[in-house]
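**Q** Here it is, the structure, as C-alpha cells.
There are 2 protein chains.
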Amino acid sequence: MHWTCILISFCWLCPTLVHAGKVLVFPVDGSHWVNMNVIIQELHLRGHQVSVVRSTDSWYIKESSPFYTSITLDMESGFDEDFLTAFIAELLDIQKGGMSVWKRFKLEMELAKKNSEVQKKQSKLIEGLFENKELIQSLKDAEYDLVLTDPATPTGAILAQYLKLPLVFNVRWTSQGEGHFSIAPSPLSYVPIVGSELSDKMSFFERLLNVLIFGFAEHQIAQYLLPHYENLIEKYFGPDTDYLSMFQADLWLMRVDFVFEFPRPTMPNVIYMGGFQCKPAKPLPQHLEDFVQSSGEHGVILMSLGTLIGELPPDLAEAITAAFAKLPQKVIWRYKGDRPGTLGNNTLLVDWMPQSDLLGHPKIKLFVAHGGTNGVQEAIYHGVPILGLPLVFDQHDNLLRIKERGAGKVIDVFTMNEDIFFQGIMEVLTDPSYGVNMQRLSRLHRDQPIKPLDNALFWIEFVMRHKGAAHLRTESYKLPWYSYHSIDVILFLAAVVLVILSTFALLIKCLCSMFLRTKHKRD
Amino acid sequence: MHWTCILISFCWLCPTLVHAGKVLVFPVDGSHWVNMNVIIQELHLRGHQVSVVRSTDSWYIKESSPFYTSITLDMESGFDEDFLTAFIAELLDIQKGGMSVWKRFKLEMELAKKNSEVQKKQSKLIEGLFENKELIQSLKDAEYDLVLTDPATPTGAILAQYLKLPLVFNVRWTSQGEGHFSIAPSPLSYVPIVGSELSDKMSFFERLLNVLIFGFAEHQIAQYLLPHYENLIEKYFGPDTDYLSMFQADLWLMRVDFVFEFPRPTMPNVIYMGGFQCKPAKPLPQHLEDFVQSSGEHGVILMSLGTLIGELPPDLAEAITAAFAKLPQKVIWRYKGDRPGTLGNNTLLVDWMPQSDLLGHPKIKLFVAHGGTNGVQEAIYHGVPILGLPLVFDQHDNLLRIKERGAGKVIDVFTMNEDIFFQGIMEVLTDPSYGVNMQRLSRLHRDQPIKPLDNALFWIEFVMRHKGAAHLRTESYKLPWYSYHSIDVILFLAAVVLVILSTFALLIKCLCSMFLRTKHKRD
C-alpha cells in the first residue's frame, strides 16, 4: 500500500524560506504525549529547536531526549498514572454486568471529579510558572516562534497568551470537550456530542438526547472546570478577559480526518491530520515474523486494550483465551496479567508489541482493540477490520465510527462471555464486508494530496514564517454569545414589530372611540 | 516571485492510479466560462476526456476546441451579451450622481428580473434536454465519471442528479447567492451577505442590516427563482424532492481563499482554489515591453474595467484621461470607446491586453480595476495594489475585501471627477502601506502546501477514483429546516417544562382548596 498522489510539479525545496524556528511545547502527559512526540521528532528532523515544559512528576515525558531540551517545573502536573490505573480497575468493577443509566452517571461523575483535580493542579502549575519571574523572563528572552500545546488542559494556551506568542494546538479534546465544539458551529441535529455514543444520523429522541447531553456537559464545565481558572485569568489578564478567549489559536491541528470522523462544519484554521502518526510497516523482529508466518493461510489476530489496561479480571481473561484457543488462527495479545489457564498453543502473550508494524503485516486478519484513537487510526491506515471492546473515555465513540462504516463490530466487554467473544471474532473473520469496508476507508484515508504529517508541519512552519495565521481566524470569538447568535438583533426586530402593532392597535382604538363618541353625540 | 513550498518527499507519479476519466461539463456562459475553461484545459492536459454542453446562442463558449468536444443544444441559454451590455449602460445612467437607497433598490429589482429571465430560459433548456430522449440516452451511454458545473444556475446540478452522476461544483455563486450559504453554517453576526457591502466586523446596526438583507434575498429567491424550477423538479424527480436537494454536490471547488475572503465556517467537501487561474507572468509583446520600459523609475499604471465595460460616458472618460495626463507614470488602459480629447502622451489605449503578464511585470505600480474576481485575484497573486472603481454585481464586495486589508482604495465612479480620481491615484502611489499590504497578501496566498489548481484537479480526480466523495458530505441536507435548527426538540422540551409546571400549579391549587375547605369545615 502506498500514498496515491499527483505529480506536484512545483515541489522544490526553497532553502531561503525554510526558517529554523524555536518552538515551546507545553504537552499533556500520558497517551497524548505519544502524539505530541511524533510532531516534536518531525520538528527536530526539520532543523527546528524544541523546548518541552514538563513537571518533576512527569509520567511519559522524559527529561532528556535527543529531540528536545526540557524545562522541568518542580510542581505536580496532576497527571497521575496510579490514579488512572486504579480508576480503570474501578471502572471494570463498576461496569461489571453491563452498563445502566445509573452506572453511567456514576462513571461520568467519577471522571468529572478526576478531571477537576487535574485541572486544579494544572492551574496551580501555571500560576507557579507565572510567579517564577526568572523562568518567565528566560522564556521571554528565548524568543520562541510559537507555542505548541494540547488543549486537553488550557495551561499551554494560557502560557502562549501570557507570552503573547502565536499558538498552535495539537488537538483532539479541549478541556471543554471535543476540539470542534470550541470553534466551529456544531448543529446538534447532526453533530453528536462526544460521549453521547450517537452517530450523525439521529432520530428525534436521539437528537433530544444530544441536546440534553450538551446541556449536561456545559453544566459540568461550569462546575468542575471554570472555577479553577477564572481567578487566575482575572489576575494575569485583567477582569475583561474570559476563559474562552484563551483558546484563540492560530491553528488547530485536529487529530482526526473525515474518513474517521462524521462530516461536520469546520473552520479555515483547522487542519486535519488524522493518522499523522501512521507509517508503513517495518519488518518484524525475527521471533514475531516466525510466529506470524506459522499461522499459514489462517492468518493472525492481534489484540491490545491499550497501555492503561495491562491486565483484566481473571474470569474475563480466561473467557478471552478460551475463545482464542478454539480458533485456527494464531493470536498475539499484549497482556501483562497472570497467564490464564485456558491459554491455547495458538496464543502468544506479550508485554509489548510493534503494533503498527504488525497491523501492516499481510497475515493480520483482525484487530481486537479497546478503541483508543491511535490504534483505530493505525487500523484504518493498514486496512485491518476491528472487533471493539470499548471501556471508557472516547473509546465507545471511536468504535462507533468504525461500526457505522461497517468496518468493525463492537461488543460489550462487561456482559461478554467466551461464546459472545468467539461469535464476534467469527463474524468479523468470515463476513467479508468488514474487511472490504475497512480497506475502502484505508484507500480513502491514504488518498490525500499531501501526507497528514507533512501538512501539519507545513502549517506549523507557516505560522513561523508569518508570525501567526490571523487571516484564518474568524471574528466569532470577539462577539458575546447573544450577538454571535443575533439574539440582540432578533429582540430589536421583535420590539420594532411590537411597537408598530401597538401603535396601530392604539390608533384603531382611538378611531373607534372617536367614531362611537360622534355617533353617541349624533344619537 | 515563486511558490513557497516544502519538500514533499512522497510526490511521485503513480501511473496505475491515474484514471483517464470522462467529464461532462455544464458551464455558465460569460465571465464564468473563463474560469471553467482553465479547469477544462487542465483536465485535458492530464488526459481526461471533456464534453461541454452549450447552446447554439452561446456567447463565450466556442463549438470547437482542442480541449473538449461540445454537445450543442438548439435552444436559448438565457445568457445574452447584448442585454448585459445594455444593462451596464443603463446602470451607469441610473447611478450617475451617486447611489441612493432608491436607486439601489431599483437596481436590485432590475437585476432580479434579469436573473429571473435567465433562470426561466435555463429551466426550459434543461426540460428540452430531458425530453430529447436520444441525447439523454447518449449521455447515459457515455458513462461519464462526473458532472462539473457552475451552480450560478441550478441546471448542471439538476442534470447530474437526473443522470445519477457524482457532482462537482466550480463555484463562486449559486443561484441562491454566495456558495457557502447553501452548505455551511453562516452566522449572520460575522458572515456578511453578498451585496451587503459589509465586512466581518459589524456594528449592531450593520448586523441588523445584514439580517434584513438576508431576509430580502430569501424573498427574492422565493419570488424570482423557485417558480421556474419547482414544477420541473416535481415532474422529473417526484413530489418529495425539493430544490435544495439538487445541490447535494460531492465537492464544492470554491473560487476564493481566506487571503481574499473573510474567514468563516466551511465544510469538509469545500475545496478552496482561489487564484487557481493565476500563473507567473510571461514576457510581454515587444511593443508593450518597450512602452513599459519607457516609464523609467516612475513605473506604469494599468487600468481595466472588465470585458463588459468597453466604453464609458464621454465626460467620465475625459476626467480619467485628464487625471492620467498629469502623472509622470505611463498608463495602459483597456478602453474601446472614442479617444478622449484630454488623452495624454503617457497613456496608451488598448483593445486588449495580457493583463496577468502585465500585472506580473516589476514596473507595474498600480491597478485601476472594477473589482471582478479574476482581476482582483491576479492583483493579489502579483502583489499589485488596487484603486477600485466598482460598478455592479460582486465588485463592491470584492474591493471591500481588498480595502479592509489595506491593499487598495475604493472610489465611487458615479460621483467621481478628475480631481477625486487624481487624488485617489496619488494616495495609492505615494502611501507605501498599500503596496506593503498587497505584497503581504501575495505572500500569504502563494504560501500553500499545494497550488490551488493542482489541489482542485487532485480532488476532481479523487471523485473519479472513488465514484464520489460521500464521506465528506454532512447529513444536514437530509433534515427539514426545523430539525436542522433543533426547533422541534426545543418545542418538545418547552412543552415538557410547561406540562410539569402546570401539573405542579394544579397540585398546589388542589392542595390549597383542600386546605381551605378543611379549615372552613373546622371553622
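From first to last, the protein sequence lines stand for chains P and L. Quick note: the first sequence, position 488, residue 488 per the numbering used here, numbers continuous. Quick note: the second sequence, position 304, residue 1304 per the numbering used here, numbers continuous. Ideal Cβ positions, reconstructed from N, Cα and C, are used throughout, including at glycine.
Thinking C-beta only, is Val-1147 (chain L) closer than 7 Å to Leu-1024 (chain L)?
**A** yes
**Q** Roughly how many angstroms lie between the CA atoms of Pro-390 (chain P) and Met-273 (chain P), to the nearest whole one?
**A** 24 Å
**Q** From the DSSP secondary-structure annotation, give me the bridge partner or partners of Gln-49 (chain P).
**A** DSSP, once it has assigned bridges, lists P:Lys-22 as partnering Gln-49 (chain P).
**Q** So, does the CB of Pro-1268 (chain L) fall closer than 7 Å to a CB anywhere in chain P?
**A** yes
**Q** Can you confirm whether Glu-42 (chain P), when its beta carbon is compared against all beta carbons of chain L, has any partner nearer than 7 Å?
**A** So, not an interface residue.
**Q** In this structure, what does DSSP give as the bridge partners for Phe-367 (chain P)?
**A** P:Leu-302 and P:Ile-386
**Q** Spatial neighbours of Ile-1126 (chain L) within its chain, please: C-beta separation below 8 Å, excluding the five flanking residues on both sides.
**A** Thr-1155, Ile-1158, Leu-1159 and Leu-1232
**Q** By Cβ distance, which residues of its chain are closer than 6 Å to Leu-225 (chain P), with the 5 residues on each side in sequence left out?
**A** Gln-119 and Ser-175
**Q** Just list the residues that DSSP pairs Arg-1054 (chain L) with in beta bridges.
**A** L:Thr-1072
**Q** Beta carbons nearer than 7 Å to chain P: which residues of the region 1278 to 1303 of chain L have them?
**A** Listed by position along the chain: nothing, the set is empty.
**Q** Near Ile-1500 (chain L), what residues of its chain come up, given a Cβ to Cβ distance below 7 Å and the 5 sequence neighbours on each side ignored?
**A** Contacts found: none.
**Q** Note down, in chain order, every chain L residue with its Cβ under 7 Å from the Cβ of Leu-444 (chain P).
**A** Within chain L, His-1466 and His-1471 have C-beta atoms less than 7 Å from the C-beta of Leu-444 (chain P), given in sequence order.
**Q** Around the Cβ of Pro-480 (chain P), are there at least 16 other Cβ atoms within 10 angstroms (buried) or fewer (exposed)?
**A** exposed
**Q** With a threshold of 7 Å on Cβ separation, who are the neighbours of His-361 (chain P) within its own chain once the five nearest residues in sequence on each side are excluded?
**A** Ala-281, Leu-284 and Val-292
**Q** Could you name the residues of the region 397 to 429 of chain P whose beta carbon sits closer than 9 Å to any beta carbon of chain L, in the order they occur along the chain?
**A** Arg-405
**Q** Is there contact between the region 437 to 445 of chain P and the region 369 to 389 of chain P, where contact requires at least three CB pairs shorter than 8 Å?
**A** yes
**Q** Along the region 199 to 227 of chain P, where does the CB come closer than 7 Å to a CB of chain L? Name the residues.
**A** Asp-200, Lys-201, Phe-204, Arg-207, Leu-208 and Val-211
**Q** Pick helix, strand or coil for Met-1438 (chain L), following the three-state DSSP scheme.
**A** Shown here, Met-1438 (chain L) sits in a helix according to DSSP, grouped into three states.
**Q** In the region 254 to 265 of chain P, which residues sit with their C-beta less than 7 Å from some C-beta in chain L, listed in chain order?
**A** Phe-258, Val-259, Pro-263, Arg-264 and Pro-265
**Q** Answer yes or no: do Val-1168 (chain L) and Leu-1188 (chain L) have a C-beta to C-beta separation smaller than 7 Å?
**A** No, the Cβ-Cβ distance between Val-1168 (chain L) and Leu-1188 (chain L) is not below 7 Å.
**Q** Starting from the beta carbon of Asp-488 (chain P), find every residue of chain L whose beta carbon is closer than 7 Å, and list them in chain order.
**A** Correct list: Phe-1204.
**Q** Chain L partners of Ala-184 (chain P), CB-CB under 7 Å?
**A** Pro-1265
**Q** Smallest Cα separation from Ser-483 (chain P): which of L:Tyr-1229, L:Arg-1207 and L:Ala-1089?
**A** When C-alpha distances from Ser-483 (chain P) are compared across L:Tyr-1229, L:Arg-1207 and L:Ala-1089, the shortest belongs to L:Arg-1207.
**Q** Kindly give me the distance between the Cβ atoms of Glu-1076 (chain L) and Asp-1093 (chain L), rounded to whole angstroms, as I take these residues to be in contact under 8 Å.
**A** The beta carbons of Glu-1076 (chain L) and Asp-1093 (chain L) sit about 27 Å from each other, so the pair does not count as a contact at 8 Å.
**Q** Which term fits Cys-510 (chain P), buried or exposed, when burial requires 16 or more other beta carbons within 10 angstroms of its beta carbon?
**A** With fewer than 16 other Cβ atoms inside 10 Å of its own Cβ, Cys-510 (chain P) counts as exposed.
**Q** Report buried or exposed for Asp-1205 (chain L), applying the criterion of at least 16 other Cβ atoms within 10 angstroms of its Cβ.
**A** Rather than Asp, the amino acid found at residue 1205 (chain L) in this sequence is Phe. Exposed, because fewer than 16 other Cβ atoms sit within 10 Å of the Cβ of Phe-1205 (chain L).
**Q** Quick check: the region 364 to 383 of chain P against the region 338 to 348 of chain P, are at least 3 beta-carbon pairs closer than 8 Å?
**A** With a cut-off of 8 Å, the region 364 to 383 of chain P and the region 338 to 348 of chain P do not count as touching, because too few Cβ pairs lie within range.
**Q** With 7 Å as the threshold, decide whether the Cβ of Lys-1509 (chain L) is near any Cβ in chain P.
**A** no
**Q** Going straight from the alpha carbon of Leu-7 (chain P) to that of Phe-1458 (chain L), what length do you get?
**A** Because the pLDDT of Leu-7 (chain P) is 33, which lies under 50, any placement of that residue in the model is unreliable, and the question is left without a value.
**Q** How would you call Ser-1294 (chain L), buried or exposed, if buried means at least 16 neighbouring beta carbons within 10 angstroms?
**A** exposed
**Q** Do you know how far the Cα of Met-1202 (chain L) is from the Cα of Arg-1104 (chain L)?
**A** 21 Å
**Q** With a CB to CB cut of under 7 Å and the five nearest residues on each side skipped, what residues in its chain are close to Asn-1115 (chain L)?
**A** Tyr-1224
**Q** Taking any Cβ of chain P, which residues in the region 1064 to 1081 of chain L have a Cβ under 9 Å from it, in chain order?
**A** none
**Q** Buried or exposed for Thr-321 (chain P), please, with buried defined as at least 16 other CB atoms from any protein chain shown within 10 angstroms of its CB.
**A** It counts as buried.
**Q** Tell whether a beta-carbon distance below 7 Å holds between Asp-29 (chain P) and Phe-87 (chain P).
**A** no
**Q** Find the nearest neighbour of Glu-218 (chain P) within the set P:Val-194, P:Asn-132 and P:Pro-239, judged by alpha-carbon distance.
**A** Checking every option, the nearest Cα to that of Glu-218 (chain P) belongs to P:Val-194.
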